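Be aware that the sequence shown starts at 22, since it is given in the numbering used here, and climbs by one per residue.
Positions of the beta carbon are idealized from the N, C-alpha and C atoms, including for glycine.
Bear in mind that the values here come from a model prediction, so they are computed numbers and not experimental data.
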Amino acid sequence: MIIFSAEIRVTSIRSVGKFGGVIFAGVDKSNKFFVVVGDNKIMPVPAHVGIGQRWAIKGTLSRWRNQNQISATAASLIRPSGDNIIDWISKSKECPGVGAVKARKLYDRFGLMLIDHIQAKRFDLLTEVLSRQSAEALCRALEQCNYSCTLLWLDQLGIDRTIGVRITEFYQEKAQEKIEGNPYRLISFGESWAKVDQFARYHFAIRLNDARRLDAAVEEVLYGALRDGHTALPFGLVKTRLGSLLRSHDLACEALATAILSSQYRRVFDMFQPAGAYLIEKYIAEKLKALAKSDEARSYQPKVERATDLILTKWEGAYSIILTAEQREAVNVSAASNLSLILGGAGTGKTTVLKALYATLQQQYEGIRIHQIALAGRAAQRMSEATGLLSMTIASFLLKIDNSELGEKSVVVIDEMSMVDVITMYRLLLKLPVGTKLVLVGDPAQLAPIGPGLVLHVLADHPSIRQTKLNVVKRQDAESGIPAVAAMIRLQNVPKLKSYVGPGAGVFFYPCKNSEVESDSVRIYYELGGQSDDTNIRILSLTNRGHSGVRNLNKIIQGRRVDAATPVRVYDPISGRRHAYTSDGIALSVGDLVMYTENDYIVGLRNGALGRIVEGVDPLDPNMTCCVCEFDGVIYRLNSQQCCCLRHAYAITVHKSQGSQFKRVVIPLRKSRLVDQSVIYTAITRGIEQIVLVGEWDTFCSAVRLPSSSARRQINFGSFLNANFPRDGI
């Protein structure tokens, strides 16, 4: 065997491996014929190999069936350039209608600038030679070639495919240049520090004290904390984590000294944080203080001079409702304040307070506009159903509501406020002019937001924020009813629970060993009537992965019905029509309960929307409908790309369930550092009729007694809020 290198132009594809790898035939520059064998490590995506492409191949040369065969040890796709652009255009199947004659005309007309014109999509120039359709096809072909080159390079370096896709989409044709310039950029796209650090040091020979490495270490510590919900970290903890990451106290001090001088970070007292998080928290605090200080008496013109209590008394009579003293106080406080909080647990009558508040405001103020919003689509829908007024998600509000509709004579009410992180709150407050009445409704005992920081949890109990706490449970059917049990857990008291024997009403416990939690949870799910067309029964898991995690539970339930179900098919630009799978590798079928996992303003679906696949359609191209889904009673037609945003939702995480409610809920409990009082409380308050907890009783008791995870979040928002806050009341 001979070690051999050559530049091969692909003339045919001989074989494609099921799990990667490809055999193709081609000719070198002297028109000598070769067969190239690339395994799944050298060529992991066979679809990236196409007729007309040029590949730089290195490997061992041998004779096989009277043909020259190269067993590739290295392979890279050569981007079209120079004179070979003519050959690439005329031979590429991606450029229909552009043969050798037109390719030569293009090169004669533009010379070496042709690649730049194609890359920049200068159709005004390209259409001097080609039709518009052919010019567009040519631009797409080069884009795909560049994309394939970069993905192949990243694949061969061992970078995860999903991360490679993000990098190429972000940097486009400059992706390889950017990563070669600073491989630590990979961290920003989700690759782990350990993998990137090893890759950078050994592949690119980056030194331990290289400025790029030290800067990336600070970023990893602070942005890693941000991913865990912290907007800041104590200075000493940053130094400790840097020392652990860099395995050197001296390097940690050097990295931190550089970071202190950088505009990317801020030190506030003993806290250190990214500049973005600093500016966001500071702005939220200043804007809320401005809203609180604004004089609402001058902002609104009373329609009728009536006392709020008189209005409420007439409202109670009209609707046969008797408000508690707490509920009356909540209406009075929010009606008289530009910034107020209505706090309370499950069943304490927050919705009743809102209806009474709206009736009061509409009688007191001429032409008042009420905007009801919530983070999750299902929470917004429930809010609308409960109050009878239009409600929308925060994302829709930011997109659809014009600033002219806000300010004087406008009220913005945010429900399920515990779910709102600082980034969402920042975007929302940017839109609100001072003079807008802002009412925040929620329960600080629930889980901290999925995103970074805390808002409601900090505002609750703040002495200068007008707020009312509702403690009296109004919705209670029995001693062990869901609201009563939730109220005890909210106070970190372990309640007495019924033993599970089957469908019923209330909160039940089914004891079992840790190893049996998963199988018993699935069995109980079916006993309660769980099936694909029933969206009112869910398993709420504490984790995504692992035993009794969402992934395993969905895989088990989907596996029981997949043989009898009609599969959903998608169209992949690379591999053509194929069965649809989630990113967890679970097949999608007609009838599946699903969740949409992206914010898609074109389709009109938000991350976390719950629905069901009602029909499958075989697509002939990526833009055609491949499945029809129903989300909250609305039909959506999804194409192949949108279908990739679906995940199974027989089981969902407790975090994802916030803002939703279900008739019956199964909660698998396993020993985990993630299990605390707020997780249990949030899960239980998602149920309407029946809750079944499955696991060991000691695990449940320990979790109820363990303080909420929100108390462990490191933030600076409270410090900014306290700075120069008016103490003379609002």
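Cβ neighbour criterion (16 or more within 10 Å) applied to residue i
i	result
residue 362	buried
residue 741	buried
residue 134	exposed
residue 481	buried
residue 718	exposed
residue 617	buried
residue 346	exposed
residue 650	buried
residue 323	Summary for residue 323: the model assigns pLDDT 49, below 50, so the residue's position carries little reliability, and this model does not support an answer.
residue 738	buried
residue 517	exposed
residue 224	exposed
residue 701	buried
residue 402	buried
residue 421	exposed
residue 191	exposed
residue 359	buried
residue 484	exposed
residue 564	buried
residue 585	exposed
residue 498	Only weak support is given to the placement of residue 498: the predicted model assigns it a pLDDT of 46, under 50, and the question is left unresolved by the model.
residue 418	buried
Element boundaries [alpha helix (DSSP H), containing residue i]
i	result
residue 274	270 to 282
residue 476	Careful: residue 476 lies outside any alpha helix (DSSP H) and carries neither H nor E.
residue 641	Segment: none, residue 641 is in no alpha helix (DSSP H) and carries neither H nor E.
residue 619	Note, residue 619: premise wrong, no alpha helix (DSSP H); not H, not E.
residue 722	718 to 726
residue 382	371 to 385
residue 340	329 to 340
residue 267	256 to 267
residue 404	398 to 408
residue 706	First-last for residue 706: undefined, no H or E at that position.
residue 597	Careful: residue 597 lies outside any alpha helix (DSSP H), inside the beta strand (DSSP E) at 597 to 600.
residue 450	443 to 452
residue 54	Element bounds for residue 54: not the alpha helix (DSSP H) but the beta strand (DSSP E), 54 to 59.
residue 696	First-last for residue 696: undefined, no H or E at that position.
residue 218	214 to 224
residue 209	Where residue 209 is concerned, there is no enclosing alpha helix (DSSP H), given that its DSSP letter is neither H nor E.
residue 200	196 to 202
residue 244	232 to 248
residue 675	675 to 678
Limits of the beta strand (DSSP E) - the one that residue i falls within
i	result
residue 689	683 to 689
residue 666	No beta strand (DSSP E) holds residue 666; DSSP gives it neither H nor E.
residue 459	458 to 463
residue 295	292 to 295
residue 491	487 to 491
residue 413	412 to 414
Reference residue i; option with closest CA among the options
i	options	result
residue 621	633, 660, 598 and 602	660
residue 29	243, 96, 266 and 571	96
residue 592	586, 585 and 600	600
residue 629	303, 681, 646 and 610	681
residue 683	255, 117 and 400	400
residue 333	293, 315, 380 and 33	380
residue 84	280, 192 and 24	24
residue 734	416, 248, 396 and 510	248
residue 461	558, 378, 261 and 569	378
residue 348	358, 369, 340 and 339	369
residue 730	570, 471 and 685	471
residue 645	598, 605 and 465	598
residue 449	306, 625, 79 and 727	306
residue 458	429, 451 and 486	429
residue 396	679, 604 and 300	679
residue 61	34, 89, 76 and 93	93
residue 725	506, 58 and 298	506
Rounded distance between the beta-carbons of residue j and residue i, thought under 8 Å
i	j	result
residue 799	residue 282	No statement about residue 799 is possible, as the shown extent of the chain runs from 22 to 751 and does not include it.
residue 685	residue 557	7 Å
residue 47	residue 31	5 Å
residue 45	residue 70	6 Å
residue 689	residue 538	5 Å
Residue i beta carbon near the ligand ADP (any heavy atom closer than 7 Å)
i	result
residue 263	By its list of ligands, the structure shown contains no ligand whatsoever, and the ligand ADP lies outside what it can speak to.
Beta strand (DSSP E) runs wholly inside the region 522 to 588, at least 3 long, in chain order | 527 to 532 and 558 to 562
Complete runs of the beta strand (DSSP E) confined to the region 70 to 98 [at least 3 residues] | 75 to 85
Going along the chain, which unbroken runs of the alpha helix (DSSP H) with 4 or more residues stay wholly within the region 115 to 191?
-> 121 to 131, 135 to 140, 144 to 147 and 153 to 177
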